[in-house]
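Student: One line per chain: the protein sequences are A and B, in this order. The numbering of the first sequence is my numbering, which starts it at 1 and goes up by one. The numbering of the second sequence is my numbering, which starts it at 1 and goes up by one.
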Amino acid sequence: MSESNKYDKKYNKDRGKWYQDLKWGDLILYFIIIGLAVSLLISFAQMHTGQAVQAVLSLDGEPVVQIAASDLNNQGIIEFDAYGYSYRIEYDQGRIRFAKADCPDQICVHTGWISRSGELAACVPGHLVLRIRSDEVEAPGPEDLDVVIR
Amino acid sequence: MRNGFGRAKLLKDSSKKTVCPAAGKKDNIANGQHGENKNTVGIKKRSSTRLSTRRITQAALLIAVALVLSLAERWIPLNFIVPIPGIKLGLANVVTLFAILRIGAADAFLILLVRSLILGSILGPMTFILSFSGGILAFMAIWLLSHWEGRLFSVIGLSVAGAAAHNIGQVMMASVILSEPLLLLSYLPMLLFTGMITGTLTGAAALPVIKRYSKIHTV
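(1) Drop a sphere of 10 angstroms on the beta-carbon of Leu144/B, count the other beta-carbons inside from all chains shown, and report buried for 16 or more, exposed for fewer.
(2) Let me check understanding here. Comparing Cα to Cα, which of Leu62/B, Glu180/B, Leu123/B and Leu185/B lies closest to Val209/B?
(3) Using C-beta distances below 8 Å, list every residue in its chain close to Ala164/B, excluding the 5 sequence neighbours before and after it, in chain order.
(4) Could you tell me whether any Cβ in chain A is nearer than 9 Å to the Cβ of Ala174/B?
(5) Starting from Ser86/A, trace the beta strand (DSSP E) both ways and give me its first and last residue.
(6) Go through its chain and collect everything with a Cβ distance to Leu57/A's Cβ below 6 Å, but skip five positions before and after it.
(7) Kindly confirm or deny that the stretch 158 to 172 of chain B and the stretch 22 to 40 of chain A touch, where touching means at least three C-beta pairs closer than 8 Å.
(8) According to DSSP, is Lys211/B part of a helix, a strand, or is it coil?
(9) With 8 Å as the C-beta to C-beta threshold (strictly closer), list the residues of the stretch 17 to 44 of chain A near chain C in chain order.
(10) Going by DSSP in three states, Gln75/A sits in which element: helix, strand or coil?
(11) How long is the line joining the alpha carbons of Val65/B and Val95/B, rounded to whole angstroms?
(12) Count the other C-beta atoms from every protein chain shown that fall within 10 angstroms of the C-beta of Ala22/B, then say buried if there are 16 or more, exposed otherwise.
(13) Judging by CA-CA distance, which residue of Leu137/B, Arg102/B and Thr202/B is the nearest neighbour of Arg212/B?
(14) Would you please verify whether the beta carbon of Leu188/B is less than 9 Å from any beta carbon of chain A?
(15) Am I right that Glu119/A and Ile132/A are in contact with their C-beta atoms under 8 Å? What's the rounded C-beta distance?
(16) So, is Glu136/A buried or exposed, given that buried needs 16 or more other C-beta atoms within 10 angstroms?
(17) Should Arg46/B go down as buried or exposed, given a rule of 16 or more other Cβ atoms within 10 Å for buried?
(18) What does DSSP give as the partner residues of Val65/A in its beta bridges?
(19) Looking at C-alpha atoms only, which residue of Val155/B, Arg151/B, Ala105/B and Gly169/B is the closest neighbour of Phe132/B?
(20) Return yes when the Cβ of Gly50/A is within less than 9 Å of the Cβ of Ser115/A, no when it is not.
(21) Assign Ala161/B to one of three DSSP states: helix, strand, or coil.
(22) I'd like to know if Gly120/B contacts chain A, where contact means its C-beta is closer than 9 Å to some C-beta of that chain.
(23) With distances taken from CA atoms, which of Ile96/A, Lys23/A and Ala122/A is nearest Gly86/B?
(24) At a Cβ threshold of 9 Å, is Arg115/B touching chain A?
(25) Would you report the Cα separation of Pro104/A and Ile76/B, rounded to the nearest angstrom?
(26) Could you tell me which chain A residues have their CB closer than 9 Å to the CB of Met140/B, listed as they occur along the chain?
(27) Are three or more beta carbon pairs between the stretch 171 to 187 of chain B and the stretch 67 to 74 of chain B nearer than 8 Å?
(28) Would you report the Cα separation of Ser134/A and Ala52/A, rounded to the nearest angstrom?
(29) In whole angstroms, give me the CA-to-CA distance for Tyr83/A and Ala99/A.
(30) Note down, in chain order, every chain A residue with its Cβ under 8 Å from the Cβ of Ile156/B.
(31) Could you tell me the distance, in whole angstroms, from the CA atom of Tyr19/A to the CA atom of Ala204/B?
If you want it as structure tokens, here you go:
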């Protein structure tokens, strides 16, 4: 009934700095989020201590292309089509990236170069994940695929 | 509805001013007063339909605002300032926050659903899935915490919680689509950190509107 009056009273003093309204529960929220982020970072770092062995491109969780770490040092380009989008993946000097994609959000391209074990670049519209692994996964090499290699 | 009382009172006041002199000329004043009293009861009873018109208008307005914000924030090149893939300001969450606090959870949910559907029809079904999975978790977090709003949490706290929940929901949905659970570990920490900052910013931006809204509403 008198809800509006209650809000009027509560927010009567609408002048002042934005942080004046902060309550102590907010600080707890900040700490929970920082704690969650840090624990995820630590568990991620602990999972991936090994040496980079290969780069794997997966489509819907299934590895489709794998490139050995030694091959990553040579320059190369893979062109790949998935879910109606086409991608160009480049590798050079031990690192790999989505160089070009026509997916709408371009997150995969913005991820940039990845080189260390555990790092990944993903494209949700094309269901593609490019990941540096420290373990072996059976997948066809780039030369077996029906893709353009230079 | 929250402001049903204030509105009915307002109508009563205005009808007093307009109806009374006209009624006083024809009949005696006592009759006019009596008739006017009956009239206000009628307005009060009909106020549900008036409020539903208000609800529809309000919801349509907020859907439009949310759509413009979610389309406009794609043009803000936050990627160049902070080189993290997938970073967003999360401006559309402001609308969810505002709707939950000032209009009601049911309407806020409908606004979220329609916003995601229209956004999906513009930008593709994948956008709908990602936008809705993040939006629904943000909605639930804000709604849950809004019960303690003003006592334990401020609007900024709700905004930060909403941003974090949005990121969690979106990354979880992305990792399900890609069947790559590792995505949670590699993307989420960065997004949580940036979400904390953008959530504070958008919460601070929404604060004046949320504060002043009750005043605009009752006038």
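Idealized CB from N, CA, C, for every residue including glycine. In this text the structure is predicted, and so the values were computed from the model without any measurement.
Tutor: Well, looking at it:
(1) Along the second sequence, one-based indexing puts residue 144/B at 144. Burial call: exposed.
(2) Residue numbering aside, residue 209/B sits at position 209 when the second sequence is read from its first letter. Nearest of Leu62/B, Glu180/B, Leu123/B and Leu185/B to Val209/B, Cα basis: Leu62/B.
(3) The residue you call residue 164/B lines up with position 164 of the second sequence. Closer than 8 Å at Cβ, skipping near neighbours: Ala141, Leu192, Gly195, Met196 and Gly199.
(4) Locating residue 174/B in the second sequence gives position 174, counting from the first residue. Judged by the 9 Å Cβ criterion, Ala174/B is in contact with chain A.
(5) By one-based count along the first sequence, residue 86/A stands at place 86. Note, Ser86/A: beta strand (DSSP E), Tyr85 to Asp92.
(6) Here the question's residue 57/A lines up with position 57 in the first sequence. Cβ neighbours of Leu57/A beyond the five flanking positions: Val64, Val65 and Leu130.
(7) yes
(8) Reading the second sequence from its first residue, position 211 is the one you call residue 211/B. Reduced to three states, the DSSP call for Lys211/B is helix.
(9) This model lacks chain C altogether; the protein chains it does include are A and B.
(10) Locating residue 75/A in the first sequence gives position 75, counting from the first residue. Reduced to three states, the DSSP call for Gln75/A is coil.
(11) By 1-based counting over the second sequence, the position of residue 65/B is 65. By 1-based counting over the second sequence, the position of residue 95/B is 95. Distance between the alpha carbons of Val65/B and Val95/B: 7 Å.
(12) Indexing the second sequence from 1 puts residue 22/B at position 22. A caution first: Ala22/B carries a pLDDT of 42, below 50, which makes its placement in the model unreliable, though a value can still be read off. With fewer than 16 Cβ atoms within 10 Å of its Cβ, Ala22/B is classed as exposed.
(13) One-based indexing of the second sequence puts residue 212/B at position 212. Measuring from the Cα of Arg212/B, the nearest candidate turns out to be Arg102/B.
(14) The residue labelled residue 188/B in the question sits at position 188 within the second sequence. Leu188/B counts as touching chain A.
(15) As a working note, residue 119/A is residue 119 in the first sequence. As a working note, residue 132/A is residue 132 in the first sequence. Their Cβ separation, rounded to whole angstroms, is 5 Å, which keeps Glu119/A and Ile132/A in contact under 8 Å.
(16) Working through the first sequence from its first residue, we reach residue 136/A at position 136. The residue in question, Glu136/A, is exposed, as its Cβ has fewer than 16 Cβ neighbours within 10 Å.
(17) Counting from 1 along the second sequence, the entry for residue 46/B is found at position 46. For Arg46/B, the pLDDT reaches just 45, beneath the cut-off of 50, and the residue's location in the model is therefore unreliable, although a value from the coordinates is still provided. Exposed, because fewer than 16 other Cβ atoms sit within 10 Å of the Cβ of Arg46/B.
(18) Within the first sequence, residue 65/A is the residue found at index 65, counting from 1. Val65/A is bridged to Leu57/A.
(19) Working through the second sequence from its first residue, we reach residue 132/B at position 132. The option with the nearest alpha carbon to Phe132/B is Gly169/B.
(20) Taking the first sequence and counting its residues from 1, one reaches residue 115/A at position 115. Taking the first sequence and counting its residues from 1, one reaches residue 50/A at position 50. Not closer than 9 Å, so no.
(21) Taking the second sequence and counting its residues from 1, the one referred to as residue 161/B is at position 161. Reduced to three states, the DSSP call for Ala161/B is helix.
(22) As a working mapping, residue 120/B is identified with position 120 in the second sequence. No, its Cβ sits nowhere closer than 9 Å to a Cβ of chain A.
(23) By one-based count along the second sequence, residue 86/B stands at place 86. Here the closest residue by C-alpha is Ala122/A.
(24) For this step, residue 115/B is matched to residue 115 along the second sequence. Not closer than 9 Å to any Cβ of chain A, the Cβ of Arg115/B fails to qualify, so no.
(25) On the first sequence, position 104 is the one that residue 104/A refers to. On the second sequence, position 76 is the one that residue 76/B refers to. Those two C-alpha atoms are separated by around 15 Å.
(26) Position 140 of the second sequence, counted from the start, is the residue given in the question as residue 140/B. Neighbours of Met140/B on chain A: none; closest Cβ ~15 Å, over 9 Å.
(27) no
(28) Position 134 of the first sequence, counted from the start, is the residue given in the question as residue 134/A. Position 52 of the first sequence, counted from the start, is the residue given in the question as residue 52/A. Ser134/A and Ala52/A: Cα-Cα distance of roughly 5 Å.
(29) Within the first sequence, the letter at position 83 stands for residue 83/A. Within the first sequence, the letter at position 99 stands for residue 99/A. Distance between the alpha carbons of Tyr83/A and Ala99/A is about 18 Å.
(30) Here residue 156/B corresponds to residue number 156 of the second sequence, with the count starting at 1. Correct list: Trp18, Tyr19, Asp21, Leu22 and Asp26.
(31) Here residue 19/A corresponds to residue number 19 of the first sequence, with the count starting at 1. Here residue 204/B corresponds to residue number 204 of the second sequence, with the count starting at 1. So the two alpha carbons sit approximately 8 Å from each other.
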